[in-house]
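Inspection log for the structure reproduced underneath, given as C-alpha coordinates.
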Amino acid sequence: QVQLVESGGGLVQPGGSLRLSCAASGGIDSIWSMGWYRQAPGKGRELVALVSNRGRTTYADSVKGRFTISRDNAKNTVDLQMNSLKPEDTAVYYCNSVAAHGSVYWGQGTQVTISS
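Printed below as a string of C-alpha coordinates:
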(Lines of atoms letter the chains of each structure in order from A and count residues from 1; the text may use other names and numbers.)
(Lines give C-alpha, C1' and ligand atoms only; values in the text may rest on other atoms or scores of the structure.)
Protein backbone atom coordinates (compact mmCIF):
# COMPACT_ATOMS: atom_id res chain seq x y z
CA GLN A 1 0.00 0.00 0.00
CA VAL A 2 1.46 3.32 -1.11
CA GLN A 3 0.79 6.49 0.86
CA LEU A 4 1.17 9.87 -0.81
CA VAL A 5 1.47 13.16 1.07
CA GLU A 6 1.34 16.45 -0.83
CA SER A 7 2.52 19.91 0.16
CA GLY A 8 3.05 23.31 -1.40
CA GLY A 9 -0.36 24.54 -2.48
CA GLY A 10 -1.61 28.06 -1.82
CA LEU A 11 -2.74 31.37 -3.24
CA VAL A 12 -0.65 33.18 -5.84
CA GLN A 13 -1.22 36.01 -8.28
CA PRO A 14 -1.44 35.42 -12.03
CA GLY A 15 2.01 35.09 -13.50
CA GLY A 16 3.43 33.76 -10.26
CA SER A 17 4.98 30.41 -9.38
CA LEU A 18 4.33 27.57 -7.00
CA ARG A 19 6.07 24.29 -6.33
CA LEU A 20 4.14 21.22 -5.26
CA SER A 21 5.82 18.28 -3.61
CA CYS A 22 4.64 14.73 -3.01
CA ALA A 23 6.33 12.15 -0.82
CA ALA A 24 5.58 8.46 -1.22
CA SER A 25 5.94 5.78 1.45
CA GLY A 26 4.97 2.14 1.81
CA GLY A 27 5.20 -0.24 -1.11
CA ILE A 28 7.37 2.18 -3.02
CA ASP A 29 9.30 -0.56 -4.76
CA SER A 30 6.19 -1.28 -6.78
CA ILE A 31 5.74 2.26 -8.11
CA TRP A 32 5.95 2.59 -11.85
CA SER A 33 4.77 6.14 -12.51
CA MET A 34 4.18 9.21 -10.38
CA GLY A 35 2.37 12.32 -11.40
CA TRP A 36 -0.07 15.11 -10.76
CA TYR A 37 -3.74 15.50 -11.65
CA ARG A 38 -6.05 18.39 -10.93
CA GLN A 39 -9.75 18.99 -10.51
CA ALA A 40 -11.33 22.40 -10.89
CA PRO A 41 -14.78 23.19 -9.48
CA GLY A 42 -17.49 21.57 -11.59
CA LYS A 43 -15.00 19.72 -13.77
CA GLY A 44 -13.54 16.25 -13.92
CA ARG A 45 -10.09 15.26 -12.77
CA GLU A 46 -7.48 15.73 -15.48
CA LEU A 47 -3.87 14.78 -15.98
CA VAL A 48 -1.36 17.57 -15.47
CA ALA A 49 1.93 15.72 -15.74
CA LEU A 50 3.47 12.37 -14.99
CA VAL A 51 6.88 10.75 -15.02
CA SER A 52 7.66 7.07 -15.38
CA ASN A 53 10.30 5.20 -13.41
CA ARG A 54 12.48 5.53 -16.51
CA GLY A 55 12.15 9.31 -16.47
CA ARG A 56 9.77 9.65 -19.40
CA THR A 57 7.50 12.65 -18.90
CA THR A 58 4.03 13.47 -20.17
CA TYR A 59 2.34 16.87 -19.91
CA ALA A 60 -1.12 18.20 -20.60
CA ASP A 61 -1.07 20.59 -23.54
CA SER A 62 -2.38 23.36 -21.32
CA VAL A 63 0.71 23.30 -19.10
CA LYS A 64 3.51 22.54 -21.56
CA GLY A 65 6.27 25.10 -21.31
CA ARG A 66 5.02 26.36 -17.94
CA PHE A 67 5.10 23.34 -15.63
CA THR A 68 7.98 20.95 -14.97
CA ILE A 69 7.68 17.60 -13.24
CA SER A 70 10.66 16.04 -11.54
CA ARG A 71 11.12 12.79 -9.67
CA ASP A 72 13.74 11.77 -7.14
CA ASN A 73 13.73 7.99 -6.94
CA ALA A 74 16.17 7.98 -4.04
CA LYS A 75 13.87 10.18 -1.94
CA ASN A 76 10.63 8.78 -3.38
CA THR A 77 9.35 12.23 -4.18
CA VAL A 78 7.81 13.92 -7.16
CA ASP A 79 7.65 17.69 -7.53
CA LEU A 80 5.72 19.96 -9.84
CA GLN A 81 7.21 23.36 -10.55
CA MET A 82 4.48 25.64 -11.85
CA ASN A 83 5.43 28.93 -13.50
CA SER A 84 3.45 31.60 -15.33
CA LEU A 85 0.34 30.54 -13.48
CA LYS A 86 -3.06 31.47 -14.84
CA PRO A 87 -6.47 31.73 -13.17
CA GLU A 88 -7.53 28.64 -15.10
CA ASP A 89 -4.86 26.66 -13.25
CA THR A 90 -6.96 27.03 -10.10
CA ALA A 91 -7.86 23.56 -8.87
CA VAL A 92 -7.22 20.92 -6.28
CA TYR A 93 -4.03 19.15 -7.28
CA TYR A 94 -3.65 15.46 -6.51
CA CYS A 95 -0.51 13.41 -6.42
CA ASN A 96 -0.88 10.07 -8.16
CA SER A 97 1.14 6.89 -8.38
CA VAL A 98 0.60 3.76 -10.39
CA ALA A 99 2.16 0.50 -9.33
CA ALA A 100 3.64 -1.99 -11.75
CA HIS A 101 0.81 -4.39 -10.94
CA GLY A 102 -1.77 -1.75 -11.83
CA SER A 103 -2.92 -0.37 -8.48
CA VAL A 104 -3.54 3.36 -8.45
CA TYR A 105 -2.95 5.57 -5.41
CA TRP A 106 -3.94 9.14 -4.67
CA GLY A 107 -2.89 11.81 -2.23
CA GLN A 108 -5.38 13.87 -0.28
CA GLY A 109 -5.11 16.87 -2.59
CA THR A 110 -3.78 20.39 -2.18
CA GLN A 111 -5.57 23.57 -3.19
CA VAL A 112 -3.95 25.88 -5.73
CA THR A 113 -5.67 29.23 -6.27
CA ILE A 114 -4.56 31.78 -8.83
CA SER A 115 -6.15 35.13 -8.22
CA SER A 116 -5.28 38.79 -8.01
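Residue numbering for the sequence shown follows my numbering, starting at 1 and increasing by one per position. Note that the Cβ used here is the ideal one computed from N, Cα and C, for glycine as well.
Round the Cβ separation of residue i and residue j to the nearest angstrom and send it over; I've been treating them as touching at under 8 Å.
i	j	result
cysteine 22	valine 78	5 Å
leucine 80	valine 48	7 Å
arginine 38	valine 2	Rounded, the Cβ-Cβ distance is 20 Å, inconsistent with contact.
Can you name the start and end residues of the beta strand (DSSP E) that residue i belongs to?
i	result
isoleucine 28	Counting along the chain, isoleucine 28 falls outside any beta strand (DSSP E), and DSSP gives it neither H nor E.
arginine 71	67 to 72
glutamine 81	77 to 82
serine 52	46 to 52
glutamate 6	3 to 7
glycine 10	10 to 12
threonine 110	110 to 114
serine 97	91 to 99
Does any CB atom of chain B fall closer than 8 Å to the CB of residue i?
i	result
phenylalanine 67	Here there is only one protein chain, and chain B is not present.
Cβ of residue i within 8 Å of Cβ of residue j?
i	j	result
asparagine 83	methionine 34	no
leucine 20	threonine 110	yes
valine 12	glycine 107	no
tyrosine 94	tryptophan 32	no
serine 17	asparagine 76	no
Does at least one heavy atom of the ligand SAM sit under 7 Å from the Cβ of residue i?
i	result
valine 51	Among the components of this structure there are no ligands whatsoever, and the ligand SAM is therefore not found.
Mind checking residue i: buried by the 16 CB within 10 Å criterion, or exposed?
i	result
arginine 54	exposed
arginine 71	buried
Within the same chain, show all residues whose beta-carbon is closer than 7 Å to that of residue i, passing over the 5 residues directly before and after it, in chain order.
i	result
histidine 101	Ser30
proline 14	Leu85, Lys86, Pro87, Ile114 and Ser116
Keeping to the same chain, check which residues put their C-beta closer than 6 Å to that of residue i; ignore five residues upstream and five downstream.
i	result
aspartate 89	Ile114
valine 98	Trp32, Ser33 and Val104
arginine 66	Asn83 and Ser84
glycine 9	Thr110, Gln111 and Val112
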